[in-house]
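Order-wise, the sequence lines are chains A and B. For the first sequence, position 253 matches number 253 in full-length UniProt numbering, and the numbering has no gaps at all. For the second sequence, position 153 matches number 153 in full-length UniProt numbering, and the numbering has no gaps at all. Below is one structure; the comments refer to it alone.
Number of protein chains: 2
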Amino acid sequence: MVGIKDVAKKAGVSVTTVSRVMNNRGYIGDQTRKKVEDAIKELNYSPNQIARSLQSNQSYIFGLIVPEIRHPFFSEMVHWIEYYASLINYKIIICNSVNDKEKESGYLKMLKEHRADGVIMCSHTLETDVYKKLTIPIVSFDRIISTDIPYVASDNYHGGELATQHLIKKGCKRLLHIAGPLNFEMLSNRRYDAFQVVCSRHQVEWDVLEGANINLTFEDNYRFVEEKLGDNLINYDGVFCSNDLIAYALSMYAKKNKINVPDDLKIVGYDYNSFTKTLQSPRLTTIKQPIETLAKQLVYSLQKQIENKGKRGADRSIYDVELIEGDTT
Amino acid sequence: MVGIKDVAKKAGVSVTTVSRVMNNRGYIGDQTRKKVEDAIKELNYSPNQIARSLQSNQSYIFGLIVPEIRHPFFSEMVHWIEYYASLINYKIIICNSVNDKEKESGYLKMLKEHRADGVIMCSHTLETDVYKKLTIPIVSFDRIISTDIPYVASDNYHGGELATQHLIKKGCKRLLHIAGPLNFEMLSNRRYDAFQVVCSRHQVEWDVLEGANINLTFEDNYRFVEEKLGDNLINYDGVFCSNDLIAYALSMYAKKNKINVPDDLKIVGYDYNSFTKTLQSPRLTTIKQPIETLAKQLVYSLQKQIENKGKRGADRSIYDVELIEGDTT
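Set out below in structure tokens:
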């Protein structure tokens with residue numbers, strides 16, 4: 001491998017001079033600079049970032065743990081996190097927890113060993129204690145881990161309100177909410193809170209069906225609807241789903257079972273990800289999360305912590321959501 | 001930050017002893033081992049992987065450059081690459097080139113500086129010379145860079161044959177192929193080669209429409225169909241599209257313009273990614289690429305090169321594809 005010494009030899013200068021040129025430090029004559037630059041080019045030399053990061057104690061790497069990168073919500077999230085991190089010269093190591101506790105803690109250990117400068121947590125399978133003990137900067141998406149760990153989320157409560165109010169405004173009298181898993185204190189549970197409050201306020205009957213973890217395939221979502229809801233679907237005239245993939249599976253289930261959407265059954269989804277945007281028939285009525293903005297804030301919140309030497313702040317960033325009206329309500 | 005010296009002090013042993021315990025080298029008494037392990041746990045110490053990789057000259061990091069991680073084909077590819085890399089203890093730094101030359105070469109430079117042990121190239125905006133000059137192991141997806149750089153691809157030629165034969169078997173007489181960009185020597189161009197050959201063999205009239213780079217949004221794909229094809233669509237009774245997103249946009253365009261699919265127009269796509277699998281109406285007839293297998297082979301081919309100390313082999317791995325019959329033919 002080509003080292004800085006080889007460059008110095010080739011250019012006929014000292015290692016210190018090469019280092020000065022590369023770091024733009026101290027006075028260097030134009031001719032010397034050119035000799036060094038030519039030698040770097042000719043030898044195809046690139047400075048050893050690992051050695052540098054050992055000196056500076058900064059790796060310029062963020063860890064990013066997501067539950068399922070194939071899910072369109074998270075693949076968009078990853079896209080934008082990578083984009084905003086690259087603007088501040090950070091690289092991303094992605095880790096796919098597939099909602100597996102062991103994998104998630106294994107990744108955290110690995111990121112620590114690699115001296116990642118910080119971690120963006122979008123997967124949440126562990127108890128909050130584990131994250132609290134981490135000695136590197138961390139920012140969480142959609143989960144409050146502790147008062148001193150910043151989080152970023154969309155306004156899940158408002159999303160729940162918008163969806164429920166919309167269904168009621170459209171005439172629904174018996175509502176169902178298909179929620180995500182409610183075991184952890186996820187901020188997405190606020191959608192359910194708002195759903196209950198709005199239903200009660202309008203004296204509308206309601207039920208909740210607790211969802212499994214994210215189902216990626218259509219078959220899994222369809223089976224969930226069929227097995228967990230099935231014939232009971234007839235008891236409801238409106239369903240607020242915790243994500244668009246399940247909303248789509250529900251609309252297909254209704255179609256197959258001759259339940260007319262939106263006349264007899266109204267459906268509202270959540271996310272407005274690339275799948276939803278591409279889908280034309282039916283166009284789902286859904287709640288749009290500002291994915292790009294969320295990603296940007298996750299990156300900047302982590303950067304801020306790092307600049308403050310890991311001192312955790314109480315940064316809480318909540319971004320508003322929006323109702324997108326489609327054909328299912 | 002906690003260092004090995006702190007562990008040694010806490011355990012009341014020498015740094016060498018701590019190192020021996022951590023690396024399982026030399027004789028260590030049970031009691032000493034326990035003292036060291038307790039100290040590691042208590043201090044929440046993790047070995048510095050950066051320092052280690054500087055010693056071993058291996059970073060256990062692969063670079064992965066994709067053109068667009070939000071595209072369902074590539075988000076699945078990333079998922080499986082990450083999965084198979086993690087099985088051999090490699091981490092992935094993902095880079096999104098968004099088909100931008102400058103970004104792509106910037107990322108290559110960065111990966112070299114970070115001493116990535118190898119690079120998986122799924123984005124191809126640069127001339128082959130750039131890749132050939134890279135001094136780190138590299139494996140390419142869907143592009144032949146040079147005889148000494150291994151590549152992995154699905155059998156694009158066979159895919160083109162299957163699609164075209166299927167359309168002809170279904171009675172089509174005037175076929176169109178919507179290709180990807182044909183400027184680079186991409187292996188996906190073999191689909192077009194096969195299309196021409198099969199059409200000629202069956203004396204079927206054909207045309208080709210050269211596509212733009214991957215369009216991610218429905219609007220972009222729809223606009224492409226509308227502007228580049230538009231009224232000319234009436235001249236064809238079958239279209240073989242280079243990916244499923246454009247096939248879907250085409251089917252929606254036909255619907256809007258009262259062209260009956262499949263009676264008056266038959267459509268075959270390519271990829272069978274998560275979008276296609278989820279989509280129920282219409283179910284696209286398409287060519288299935290074995291995404292998981294491709295990802296696995298990319299990882300293993302790179303690993304092989306690294307084990308052979310960067311000596312590039314002529315590994316060429318071509319995997320078969322499959323016709324999935326849906327409602328559009």
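The beta-carbon is built from N, C-alpha and C at its ideal position, and this holds for glycine as well.
The alpha-carbon of B:Lys288 is positioned some 5 Å away from that of B:Glu322. Within the model, the alpha-carbon separation for B:Asp244 versus B:Leu265 is close to 16 Å. Not flagged as an interface residue toward chain A: B:Cys122, since no C-beta distance is shorter than 9 Å. Taking the C-beta atoms as reference points, B:Tyr131 is found nearer than 9 Å to B:Ile145. Within the segment 274 to 297 of chain B, those residues whose Cβ lies closer than 8 Å to any Cβ of chain A are, in chain order, Ser274, Phe275, Lys277, Thr278, Leu279, Gln280, Ser281. B:Ser86 and B:Pro137 have their C-alpha atoms spaced approximately 18 Å apart. Taken in chain order, the complete alpha helix (DSSP H) segments of 4 or more residues contained in the segment 213 to 277 of chain B are 218 to 228, 244 to 256. Segment contact: the segment 269 to 285 of chain B against the segment 109 to 127 of chain B, fewer than three CB-CB distances shorter than 8 Å; contact not assigned. Taking CB atoms only, A:Cys95 has a neighbour in chain B less than 9 Å away. Pairing B:Lys255 with B:Ile267, the inter-Cα distance amounts to about 12 Å.
With 16 or more other Cβ atoms inside 10 Å of its own Cβ, B:Tyr151 counts as buried. Within chain A, the C-beta atoms nearer than 7 Å to that of B:Lys109 come from Ser46, in chain order. Secondary structure note for B:Glu210: its beta strand (DSSP E) is the uninterrupted segment 205 to 210. Listed by position along chain A, the residues whose Cβ is nearer than 8 Å to that of B:Thr128 form an empty set, because the closest Cβ is around 16 Å away. Within its own chain, the residues whose Cβ lies closer than 7 Å to the Cβ of B:Lys228, once the five positions on either side in sequence are excluded, are Leu209, listed in chain order.
By the CB criterion at 9 Å, B:Leu64 and B:Ile93 fall inside the cutoff. Straight-line spacing of the CA atoms in A:Asn189 and A:Tyr319 works out to 16 Å.
Identification of chain B residues near A:Val78 by a Cβ-Cβ cut-off of 9 Å yields Ile69, Arg70, Ser75, Val78, Ile94, Asn96, ordered along the chain.
Chain-order list of chain A residues neighbouring B:Met252: Gln280, by C-beta distance under 7 Å.
The Cβ atoms of A:Tyr253 and A:Leu233 sit closer than 9 Å to each other.
Shown here, B:Gly160 sits in a helix according to DSSP, grouped into three states.
Chain A places no beta carbon closer than 9 Å to that of B:Leu323, leaving this residue out of the contacts.
Between A:Tyr192 and B:Asp315, the alpha-carbon positions lie close to 53 Å from each other. Linking B:Leu294 to B:Arg20 through their CA atoms gives a straight-line distance of about 40 Å. In the same chain as B:Thr285, and ignoring 5 residues on each side of it, the C-beta atoms closer than 6 Å to its own belong to Val268, Glu325, Gly326, Thr328, Thr329, in chain order. In the same chain as B:Gln165, and ignoring 5 residues on each side of it, the C-beta atoms closer than 7 Å to its own belong to Val198, in chain order.
Chain-ordered, the chain A residues with CB closer than 8 Å to the CB of B:Leu245 read Thr278.
Relative to the Cα of B:Lys10, the nearest Cα in the group B:His79, B:Lys258, B:Thr32 belongs to B:Thr32. Among the CB atoms of chain B, none fall inside 9 Å of the CB of A:Ile267. Inclusion of A:Val7 and A:Val36 in the CB contact set at 9 Å is warranted, their separation being smaller than that value.
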